[in-house]
Every structure is written in C-alpha cells, then in structure tokens.
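Undergrad:
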Amino acid sequence: MRPPSLLSGVSAECGIGAGPSNESRIVGGVSTNVTQWPWQLGDRVIFSHSPAASDGGVDVLPAGLWLACRASHCVRLRSLAVHAGFRRHNYTHDLALAALVRTLPPPAAPICLPSGEQALGGRCVITGWGDKEPARRAATSAGSKAQWLQQALLPVLPWGLCRRAYPWAAALRRWLLCAGVWKGGRGPCHGDSGGPLQCQRPDGRWQLSGLVSWGAGCGRPRQPAMFVRVAAYRRWIRQAGQRLQPVALPLHEDASHTFLV
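The sequence shown finishes on residue 261 if you use UniProt numbering, and the numbering steps up by one all the way, no holes.
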C-alpha cells in the first residue's frame, strides 16, 4: 500500500469555485461572495490531506482530516507546524500548517495544490479581508478594513520585474513569486497576510499557487506583492502534514462568514 500523500492527485473535488466576477480590488475593493472561494477561512487556506486510493492514484477526502495553511509570520498557535527555516527579518520560508480535527461545514471546500512547477498561465486571483485602503500614516493610522471578502485579479509578473523592485530578494527566487499590476492600483494590504494567490488551471479548477507574504505598501506602482511559492514546498507540505496531530482550531460562524480564528 502506498503511503498517504498530499500531492499525488489531490481530491477530485478540489479547486471548485465560481471565480472572480469582475476586476475588483482588495485595495479600494469590491466585495465577493464567500462561496466563490470556499477554501479561504480567515487567513488560512484549506486543502485535503488524503490517502492515495488504489484506482489510479486519485485521492479522496476523508471526513475530518484537512490541512490549513497560512503565513508563518502571523502564527500564534503552538499546534501548527512552522517551517524550520522561517526568518522573521526577511520572511524566508513563510508558511505553516495545521491539521484540522473536525469536518468543516459547507460551503467550505479544499483548494488544489500544485502538482509541480508548472507555468502559471491562467488567471490568478487574490482574496482577503484586509484593508481596502492603505493607511495614510502607517505609524498612527489604520486602513479601511473590509467587512466582506474582497477579490482581485492579479497577474504573476516576470522575475526580472520582481528583481527591479526588490534587488535584495534576488537570491530567494526559488521560494517566492511576485504578482501585481506594475502601474499600481491593485494588491494585497494589511490583514491579507497568509491569504491565497489562487490560479486557474486549464481544467478550470483553482490551485494554491502562492500565499501573501510581504511587500512595500498596498498596490503601489512598481512595488508588487511577494508570495510564498507553494509549488517549491511540496515536499515540506507532504512531510509536515504526515507528522501533524489534528487539532480543534476555533471556528467562528455567523450569517455571512465561516472562518478559522
């Protein structure tokens, strides 16, 4: 029997969402229905952890065993697996995992993980509940928080542009990707850290390509946002996921939201 795997096919039901309805922005944004992005619960992103089935390696989603992923720099719970290489001064290896002990209620559903280092040719979208407007004075002001989940179409940029924006990050190319609009106006903001950059595959499903990590400001010209390149951590996700003990993370539900806290 093959060992459990996160990556040899992933659940056949992963990555099914309605997708973006327009080119809304998280900074200055427009709301979206949470059922369009059912794998985002707060600042964690959920995907299935499943034993590989015998019928061609297609994974099935067992009740009550899901994994939640988020950025390391916003982790507070000790029950998470934080990447051992995480460095707070530059957010290297900025991701963490938790195994969930409970089955999440509808509309929660898992996103697909990347099957490899495939090109990101499809639409890519960020979502989050962070600031819709950047603070005018970061030291004294808070931005305008989103009451409803926001979405933004955000293209992945060539690494040459990323290097122009952040020359010191050139050595981190293997672990990062950057996305944004070079002229500015769209992008993640404060409170969006750990949220997903989801890209649409040719089969129409969505995969978790990146996690919001860091950037200079919110949607500024020539300063794209930087994301954890999830495909580069497939081995770590597999190994860490198999070692984790499921935990009962707090779950908040109301008329409009279901999210992990």
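Backbone N, C-alpha and C fix where the C-beta goes; we use that ideal spot for every residue, glycine too.
Model, not experiment: these values are computed from the prediction.
In the structure shown, what three-state DSSP assignment does residue 149 receive?
TA: Look at residue 149 here: in three-state DSSP terms it is coil, with no helix or strand label.
Undergrad: Whole angstroms are fine: how far does the CA of residue 88 sit from the CA of residue 15?
TA: 31 Å
Undergrad: Are residue 114 and residue 230 close, meaning C-beta to C-beta below 8 Å?
TA: Contact flag set, yes.
Undergrad: Hey, does residue 178 have any beta-carbon neighbour from chain C nearer than 8 Å?
TA: Among the protein chains of the structure shown there is no chain C, as only one such chain exists.
Undergrad: Under the three-state reduction of DSSP, which class applies to residue 62: helix, strand or coil?
TA: No answer about residue 62 holds up, because its pLDDT of 33 lies below 50 and its placement is not dependable.
Undergrad: Could you pull the DSSP bridge partners for residue 341 from this structure?
TA: No information on residue 341 is available, as it lies outside the stretch 1 to 261 that the chain covers here.
Undergrad: Tell me the DSSP secondary structure of residue 216 in three-state form.
TA: coil
Undergrad: Give the DSSP-derived three-state secondary structure of residue 242 in the structure shown.
TA: helix
Undergrad: Does the beta-carbon of residue 85 have 16 or more other beta-carbons within 10 angstroms, so that it is buried, or is it exposed?
TA: exposed
Undergrad: If residue 225 sits next to residue 188, beta carbons under 8 Å apart, how far is it from one beta carbon to the other, in whole angstroms?
TA: 5 Å
Undergrad: To the nearest angstrom, how far is the alpha carbon of residue 13 from that of residue 110?
TA: 8 Å
Undergrad: When burial is assigned at 16 or more other CB atoms within 10 Å of the CB, is residue 183 buried or exposed?
TA: Under the 10 Å beta carbon count, residue 183 is surrounded by fewer than 16 other beta carbons and is classified as exposed.
Undergrad: Which of helix, strand or coil does DSSP assign to residue 32?
TA: coil
Undergrad: From this set, 127, 123, 82, 202, which residue's C-alpha is nearest residue 244's C-alpha?
TA: 82
Undergrad: Only counting the same chain, and skipping five residues up and downstream in sequence, which positions put a Cβ closer than 8 Å to that of residue 122?
TA: Closer than 8 Å at Cβ, skipping near neighbours: 199, 200, 201, 202.
Undergrad: What are the boundary residues of the beta strand (DSSP E) that residue 179 is part of?
TA: 176-179
Undergrad: Which term fits residue 151, buried or exposed, when burial requires 16 or more other beta carbons within 10 angstroms of its beta carbon?
TA: Under this definition residue 151 is a buried residue.
Undergrad: Return yes when the Cβ of residue 241 is within less than 8 Å of the Cβ of residue 99, no when it is not.
TA: yes
Undergrad: Which term fits residue 192, buried or exposed, when burial requires 16 or more other beta carbons within 10 angstroms of its beta carbon?
TA: buried
Undergrad: Cutting at 6 Å between CB atoms, please list the residues of its own chain near residue 3, excluding the five before and the five after it.
TA: Confidence at residue 3 is low in this model, with a pLDDT of 27, below 50, so the placement of that residue is unreliable and no value is reported for it.
Undergrad: For residue 88, which of helix, strand or coil comes out of DSSP?
TA: coil
Undergrad: Run through DSSP, which three-state label would residue 95 get?
TA: coil
Undergrad: I'd like the span of the beta strand (DSSP E) that includes residue 161, first residue to last.
TA: Careful: residue 161 lies outside any beta strand (DSSP E), inside the alpha helix (DSSP H) at 159-165.
Undergrad: Provide the residue(s) that pair with residue 124 in DSSP beta bridges, ordered along the chain.
TA: 199
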